[in-house]
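A.B. asks: Mapping of the sequence shown onto my numbering: residues 9 to 279, in sequence order.
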Amino acid sequence: MIGKFEMIDMENISAHNLPVYLSNYLKNNHGIIFCFTTSKGVQDNGESDPFNIDYHTGESEENVRKNRETILKKLELKKNRKIYSAKQVHGTNILNINKNMKLESDNIMEEADCLITDLKNIPIMVMGADCNLILMTDIDNKVIAAVHAGWRGTLKELPAKVISYMKINFGSKSKDIFIAFGPSIRKCCYKIDSNILKKFTDKFGLGSFFARKNNDIYLDLVDLNRIQLGKSGISEENIYDCGKCTYCNENFFSYRRNKETGRQAGIAIIR
Ligand SMILES: [Zn+2]
Numbered sequence: 009m010i011g012k013f014e015m016i017d018m019e020n021i022s023a024h025n026l027p028v029y030l031s032n033y034l035k036n037n038h039g040i041i042f043c044f045t046t047s048k049g050v051q052d053n054g055e056s057d058p059f060n061i062d063y064h065t066g067e068s069e070e071n072v073r074k075n076r077e078t079i080l081k082k083l084e085l086k087k088n089r090k091i092y093s094a095k096q097v098h099g100t101n102i103l104n105i106n107k108n109m110k111l112e113s114d115n116i117m118e119e120a121d122c123l124i125t126d127l128k129n130i131p132i133m134v135m136g137a138d139c140n141l142i143l144m145t146d147i148d149n150k151v152i153a154a155v156h157a158g159w160r161g162t163l164k165e166l167p168a169k170v171i172s173y174m175k176i177n178f179g180s181k182s183k184d185i186f187i188a189f190g191p192s193i194r195k196c197c198y199k200i201d202s203n204i205l206k207k208f209t210d211k212f213g214l215g216s217f218f219a220r221k222n223n224d225i226y227l228d229l230v231d232l233n234r235i236q237l238g239k240s241g242i243s244e245e246n247i248y249d250c251g252k253c254t255y256c257n258e259n260f261f262s263y264r265r266n267k268e269t270g271r272q273a274g275i276a277i278i279r
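(1) Using 9 Å as the threshold, is the C-beta distance between L166 and C122 below it?
(2) Using C-beta distances below 8 Å, list every residue in its chain close to L103, excluding the 5 sequence neighbours before and after it, in chain order.
(3) Would you say the beta carbon of I193 is closer than 8 Å to some non-hydrogen atom of ligand 1?
(4) Please determine, among C253, M133, K169 and S216, the residue with the shortest C-alpha to C-alpha distance to I41.
(5) Count the CB pairs spanning the segment 127-146 and the segment 216-233 that are closer than 8 Å, and state whether there are at least three.
(6) Could you tell me whether the segment 170-180 touches the segment 61-75, where touching means 3 or more Cβ pairs closer than 8 Å?
(7) Going by C-alpha distance, which of E244, D201 and I147 is nearest K35?
(8) Is the CB-CB distance between P27 and K90 below 9 Å?
(9) Flag C122 as yes when its Cβ comes closer than 8 Å to any non-hydrogen atom of ligand 1, and as no otherwise.
(10) Using 8 Å as the cut-off, classify the Cβ of Y173 as near or not near the heavy atoms of ligand 1, replying yes or no.
(11) Just verifying my parser: in three-state terms, what is the DSSP assignment at L80?
(12) How about N6 and D126: do their beta carbons lie closer than 9 Å?
(13) Would you decide whether G190 is buried or exposed? Buried here means 16 or more other CB atoms lie within 10 Å of its CB.
(14) Can you tell which of L163, T162 and S243 has the C-alpha that lies nearest to the C-alpha of K181?
(15) Hey, quick one: how far does the beta strand (DSSP E) through T65 stretch, first residue to last?
(16) Closest by CA to K207, which one among K252, R160, S240 and I247?
(17) To the nearest angstrom, how far is the alpha carbon of N88 from that of N129?
(18) Identify whether A23 lies in helix, strand or coil by the three-state DSSP scheme.
(19) With DSSP collapsed to three states, give me the class of V97.
(20) Could you round the C-beta distance between L83 and C43 to whole angstroms and report it? I think they count as a contact, below 8 Å.
(21) Apply the 10 Å Cβ neighbour rule to R279 and answer buried if 16 or more other Cβ atoms are within range, or exposed otherwise.
(22) Assuming the contact rule is C-beta atoms closer than 8 Å, I193 and I225 should be a hit. Round their C-beta distance to whole Å, please.
(23) When you compare only the Cα positions, how much space is there between N223 and E77?
(24) Helix, strand or coil for G161? Go by DSSP, reduced to three states.
(25) Is the CB-CB distance between Q96 and H156 below 9 Å?
(26) In chain order, what residues of the same chain lie with their CB nearer than 7 Å to the CB of G45, ignoring the 5 residues before and after it?
(27) Shortest alpha-carbon distance to K164 belongs to which of H38, K211, K267 and A153?
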């Protein structure tokens, strides 16, 4: 289901081929950039390579830096800006980037699975290969959040915690909050074992987010997160889902498919 805004599927947003999902609605109407990258990128010399944006995957720092710079260029942001990411640990820490914070490196050492800010021109990013990358914005108070929530973050209800945080710290109202789900492993491929099944049924009971195929159980993390966000007061029409599965689509990095792999990004910026 497409929400109040539409994202462009795999659109080239500049002369160079960098396929990204980009919300034109938010950009043109509210000055908010929501962007999801894929595993594909094309360098200036025309060479195509895996478009990894994470410093922690064993790839050369130089390549990652180059890829992050490419994103800034495609999004028409100044080259001397940085895209900030924190140390993701499948926890629930929310890092508020405010004007008192000293940002020395784009690779923030603090552990956080959510970055949030109301500062202009500070790109914030979460990274994943199967995990949910969720971008949020309060279009009225001009706040953005980038959330990383795999099964652990979903079980700990991180997305709902971010909504509470926005309401308490920024005075956000549910009706002004828009949310986008990027590529992640989906119900078609996310087979879970009895251990994980028990964790989820203990907390959330049985619901539409489980599917049975043959004798296996599959979990729909996006569906479960949407239900939880609904309980936080976010209406269905304020939520966009790109609907792409990282595991069965070679355009994305998938940890479960490849183990050693890069990461795609979810990036938000207030212009
Ligand atoms: Zn799939």
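Ideal placement from N, C-alpha and C gives every residue a C-beta, glycine not left out.
C.D. replies: A quick look at the data gives this:
(1) yes
(2) A94, I116, E118, A120, C122, L123 and I124
(3) yes
(4) M133
(5) yes
(6) no
(7) I147
(8) no
(9) no
(10) no
(11) helix
(12) The question about residue 6 has no answer, for the chain in this structure spans 9 to 279.
(13) buried
(14) S243
(15) Where T65 is concerned, there is no enclosing beta strand (DSSP E), given that its DSSP letter is neither H nor E.
(16) R160
(17) 11 Å
(18) With a pLDDT of 41 at A23, under the threshold of 50, the modelled position of this residue cannot be trusted; read the value that follows with caution. Correct three-state label for A23: coil.
(19) coil
(20) 6 Å
(21) exposed
(22) Incorrect: roughly 14 Å between the Cβ atoms, too far for contact.
(23) 46 Å
(24) helix
(25) yes
(26) According to the sequence provided, residue 45 is Thr. The question's Gly does not apply to it. These residues qualify, in order along the chain: V28, F59, I61, I79, Q272 and A273.
(27) K211
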